[in-house]
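Heads up: the structure comes next, in structure tokens.
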Amino acid sequence: MERLQVILAGLGVRGRHWAEVLRRSPRCEVVAYVDPNPAARQRMNEQFGERPGFTTPEEALQAMPTVGAIILANPPIGRKTQIQAAAERHIPMLVEKPLALSVAEAAEMVRIAEQHQTALMVGLNFRYLAVTKAARELLAHSTIGQPEFARFTYERYRDGNRPDLNKYPLKMDQPMLWEQSIHHFDLMRFVYGAEPVLVQCQTWNPSWSMYESDANVAALFTFSNGMIVNYQGTWQSGWSEPHFEWRTDCTGGVIIQKEQFGALHTAAQADKTLTPIELPPHELWITETQGLLDAFVSAVLDHKPLECSGRDHVQSLAMVEACVISSRESRSVSIADVLPQDTM
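Heads up: the sequence shown begins at 934 in the numbering used here, then just goes up one per residue.
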């Protein structure tokens, strides 16, 4: 069996998830670690086996120009030169979301990869959750009819000072939108199979927030199929217990997801109780990442269609940027007005 040699760049919390998934994969082999922190590289050597270490992706790519792929699990800052270095060597890339912190910058990275005919996949691992696939299947084939409106609620007290969490969101602009809501917006597009056309949004920061920029988001999206989605998300809830609920109301019933990684239910309009949907076991942060990696490897080694492409990801990033504009200017924003012409 052909094995894909992979450079793993970014050895923080998410990087360690990737290292574990790569170790379990029969089709991948990690050949180098990249991180500016020598302690992070040493920790990875001790936990997952010794590999050559580099401080930047560019340095690693120059030393290993024929490597099979690179995974960028590093912060979404200064990635353009990293994308350029990989694309010029035709090295496929799997990049953690968000690809960049602006639609324009992300679109430029996509253009670079496409000009060099190099695969650029974005790590939208929530698409590979069993609960996500089941919800999508229900809407496609169930008897509860067509979706018409939804409410998506995500409430969390995210302690950004915890040692096991990345620190850069504490100071970034609109951390909830760029780091968390991007997942939720992408799920809406994926599950409903429709594109957003308009948003009205307000963001703000509660008085107790440890984040420099807004940690709260309230948005109302209109989609191309007429769907209306009411979204509320926070990283600075007033209660430490997390709460998640994604309810989709259809012409003949509802679909309700009660937990971020599972607990899917459905009911016909006249039902008195919800019916749970059976889902397979889930290993937190591992199972869905395995699905993401499998899709990437299939595209690179088996020449299957690329999922979660950089070009597709720009559509989800446009939802984020439209929210930022809407909140700042107190107006509704057309998603098309945010997208570069060559990505529409």
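Here a beta-carbon is modelled for each residue, glycine too, at the ideal position from N, C-alpha and C. Note that this is a predicted model, so its numbers are computed, not measured.
When the Cβ atoms of the segment 1081-1094 are set against those of the segment 1215-1226, are three or more pairs found closer than 8 Å? As far as the Cβ criterion goes, the segment 1081-1094 does not touch the segment 1215-1226, which means the pair count is below three.
Are there three or more Cβ pairs, one per stretch, closer than 8 Å when the segment 1252-1262 is compared with the segment 1088-1098? With a cut-off of 8 Å on Cβ pairs, the segment 1252-1262 is not in contact with the segment 1088-1098, counting fewer than three such pairs.
Using a threshold of 7 Å, state whether the C-beta atoms of Arg1060 and Phe1123 are closer than that. Their beta carbons are under 7 Å apart, which means Arg1060 touches Phe1123 by this criterion.
Using the C-alpha atoms, what's the distance from Gln1048 back to Arg998? Here residue 998 turns out to be Pro, not Arg, going by the sequence shown. Each residue's Cα considered, the two are about 18 Å apart.
DSSP three-state label for Lys1030, please. Lys1030 falls in the coil class under three-state DSSP.
Drop a sphere of 10 angstroms on the beta-carbon of Val1166, count the other beta-carbons inside from all chains shown, and report buried for 16 or more, exposed for fewer. One detail in the question is off: residue 1166 reads as Gly in this sequence, not Val. Around the CB of Gly1166, 16 or more other CB atoms lie within 10 Å, so the residue is classed as buried.
Terminal residues of the continuous beta strand (DSSP E) containing Asp1182? Start and end: 1176-1183.
Sequence ranges, alpha helix (DSSP H) only - wholly within the segment 1108-1161, length at least 4: With a minimum length of 4 residues, the continuous alpha helix (DSSP H) runs that stay inside the segment 1108-1161 are 1115-1125.
Inter-residue Cα distance where the pair is Lys1191 and Glu1029: Rounded to the nearest whole angstrom, the CA to CA distance from Lys1191 to Glu1029 is 26 Å.
Relative to the C-alpha of Arg1022, which residue among Asp1275, Val1247, Ser1265, Thr1051 is closest? Ranking Asp1275, Val1247, Ser1265, Thr1051 by Cα distance to Arg1022 puts Thr1051 first.
Residue nearest to Ala1251 in terms of C-alpha spacing, selected from Leu1272, Ser1265, Gly1243: When only C-alpha atoms are compared, the closest one is Leu1272.
Is it the case that the Cβ atoms of Asp1097 and Leu1057 are separated by a distance below 7 Å? Taking 7 Å as the cut-off, the beta carbon of Asp1097 is found no closer than this to the beta carbon of Leu1057.
Cβ-Cβ distance between Thr1222 and His950 below 7 Å: Taking a C-beta distance under 7 Å as the contact criterion, Thr1222 and His950 qualify as a contact pair.
Residues near Met1042 by beta carbon distance below 8 Å, same chain, minus five either side: Beyond the five residues adjoining it in sequence on each side, Met1042 comes within less than 8 Å, by CB distance, of Arg1012, Lys1013, Ile1016, Leu1032, Ala1033, Leu1053, Gly1243 in the same chain, given in chain order.
Taking all protein chains shown into account, do 16 or more other C-beta atoms lie within 10 angstroms of the C-beta of Asp1270, making it buried, or fewer, making it exposed? Answer is exposed; the Cβ neighbour count stays below 16.
Tell me the rounded alpha-carbon separation between Ala1039 and Val1247. Each residue's Cα considered, the two are about 7 Å apart.
Can you look up Lys1191 in the DSSP assignment and give me helix, strand or coil? Here Lys1191 carries a strand assignment [DSSP, helix/strand/coil].
DSSP-derived helix/strand/coil call for Val939: In the structure shown, Val939 sits in a strand (DSSP, three-state: E or B).
For the segment 1064-1083 against the segment 1195-1210, are there 3 or more C-beta pairs whose distance is under 8 Å? Remark: three or more beta-carbon pairs, one from each stretch, lie closer than 8 Å, so the segment 1064-1083 and the segment 1195-1210 are flagged as touching.
On the DSSP letters alone, give me the boundaries of the alpha helix (DSSP H) that Arg1244 sits inside. Unbroken alpha helix (DSSP H) run through Arg1244: 1243-1262.
Comparing alpha-carbon positions, which option in Phe1154, Ser1146, Leu1005, Leu1110 lies nearest Ile1268? Per the Cα distances, Phe1154.
Would Leu955 and Val963 qualify as a contact pair, given that the criterion is a beta-carbon distance under 7 Å? Yes, the pair counts as a contact, with Cβ atoms nearer than the cut-off.
From the DSSP output, in three-state form, read off Arg1084 for me. Three-state DSSP puts Arg1084 in a strand.
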